[in-house]
Structures are given as structure tokens and as C-alpha cells.
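Engineer: Numbering (the UniProt record's numbering), first residue to last: 1 to 149. For each residue, glycine too, the CB sits at the ideal point set by N, CA and C. Keep in mind that this is a model prediction, so the values were computed, not measured.
(1) How many angstroms separate the CA atom of residue 63 from the CA atom of residue 6?
(2) Is it true that the CB of residue 145 sits closer than 8 Å to the CB of residue 87?
(3) With DSSP run on the structure shown, which of helix, strand or coil describes residue 148?
(4) Restricting to Cα atoms, I'd like to know which of 11, 101, 43, 133 is closest to residue 73.
(5) Going by DSSP in three states, residue 93 sits in which element: helix, strand or coil?
(6) Determine, using beta carbons only, whether residue 40 and residue 97 come nearer to each other than 8 Å.
(7) Looking at the structure shown, is residue 113 part of a helix, part of a strand, or coil, going by DSSP?
(8) Kindly indicate which residue of 36, 104, 68, 90 has the alpha-carbon position closest to the one of residue 138.
(9) Suppose contacts are defined by Cβ-Cβ distances below 8 Å. Is residue 116 in contact with residue 25 by that definition?
(10) Would you decide whether residue 43 is buried or exposed? Buried here means 16 or more other CB atoms lie within 10 Å of its CB.
(11) Confirm, please, whether the CB-CB distance from residue 149 to residue 118 is below 8 Å.
(12) Around the C-beta of residue 141, are 16 or more other C-beta atoms found within 10 angstroms, so that it is buried, or is it exposed?
(13) Hey, out of 23, 2, 143, 17, whose CA is closest to residue 91's CA?
(14) Per DSSP, what kind of secondary structure is residue 28 in: helix, strand or coil?
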């Protein structure tokens with residue numbers, strides 16, 4: 001049925017539910033697992049007058065380093081959860097990317113048969129302002145997506 005499950009996580013408590021569910025499913029099915037976390041690029045804001053502020057290298061470099069450290073911690077915790085229940089899992093950090101796009105692309109490139117992710121379940125204005133990576137993945141995924149809440 002599902003031979004390779006891509007599990008996305010951002011390290012949040014909500015994402016942990018998706019991780020746990022995906023790992024349990026993989027163990028039951030004997031599926032291969034890739035756990036992915038995506039960090040976005042350093043935000044660059046344009047001024048109202050049309051000028052752009054470009055961060056000094058020290059600032060953006062520090063940001064990227066902190067994002068890598070954050071991702072390493074998230075993936076270390078996820079890998080420990082996989083190891084604890086006996087699931088062999090590969091971990092992957094995709095830096096400087098839009099999460100939904102990176103998740104869908106990873107599923108394609110790695111021949112995943114299922115994407116497992118969680119949703120914060122935001123509605124209304126919260127969803128409009130914050131967006132929904134899960135909705136984007138659902139709209140563009142070439143494979144089934146299991147959404148855990």
C-alpha cells in the first residue's frame with residue numbers, strides 16, 4: 001500500500017501528533033520513512049516607498065545558522081522517536097524554502113507514496129493571515145496526504 005511515508009514536522013506540539021501517527025503507520029506497514037523539516041529564508045521587507053532593506057551578511061548568516069540549529073534539534077528529536085519504536089527513518093532539512101512547496105517536491109523526488117502531516121486547524125482570519133501549509137500540500141500533492149489533528 002504505502003511503501004515510503006514522508007512525515008513533515010516543524011517541531012511543534014501539533015506536529016508531534018502527525019509524527020507519532022506517521023511513525024506508527026510506517027511500523028505497521030513496514031514502510032520506509034523520511035522525516036522532513038523546512039526552514040524559510042531570511043525575511044527581507046520592502047519599505048513603503050519602494051526601497052528594500054537588505055540585511056547585512058552577519059545578520060542573515062546568523063539567522064541561517066540559528067535556523068540550522070533549530071532544524072537539527074527538531075530532526076534529532078524526530079529521529080529519536082523513530083528509533084524508540086524501531087522505525088528506520090532518514091531525516092532531511094530543507095533550508096530557505098517555502099514549506100508546502102518543499103514538502104511536495106520532496107515527495108516527488110523521493111518517490112513517496114504518502115505524506116503525513118499535522119494541521120493546526122486554524123479557521124477564518126487566523127488561516128487567512130497565517131496561511132495553511134497543509135492546505136497548500138493538499139492542493140498540490142501528487143500522492144495521498146494524511147492530515148492528523
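Structural biologist: In this structure, then:
(1) Answer to the nearest angstrom: the Cα atoms are 27 Å apart.
(2) Taking 8 Å as the Cβ cut-off, residue 87 and residue 145 do not qualify as a contacting pair.
(3) Residue 148 falls in the strand class under three-state DSSP.
(4) For residue 73, the nearest C-alpha among the options comes from 11.
(5) Strand at residue 93.
(6) Taking C-beta atoms as the reference points, residue 40 and residue 97 count as a pair closer than 8 Å.
(7) DSSP, reduced to helix, strand and coil, places residue 113 outside both helices and strands of the structure shown, so it counts as coil.
(8) If we check each option's Cα against that of residue 138, 104 comes out closest.
(9) Going by beta carbons, residue 116 and residue 25 fall inside the 8 Å limit.
(10) Counting Cβ neighbours within 10 Å, residue 43 comes out exposed, since fewer than 16 surround it.
(11) It is a contact, given that the beta carbons lie within the stated cut-off.
(12) A residue is called buried once 16 or more other Cβ atoms fall within 10 Å of its Cβ, and residue 141 is buried on that count.
(13) Selected option, being the one with the closest Cα: 23.
(14) Here residue 28 sits in helix by DSSP.
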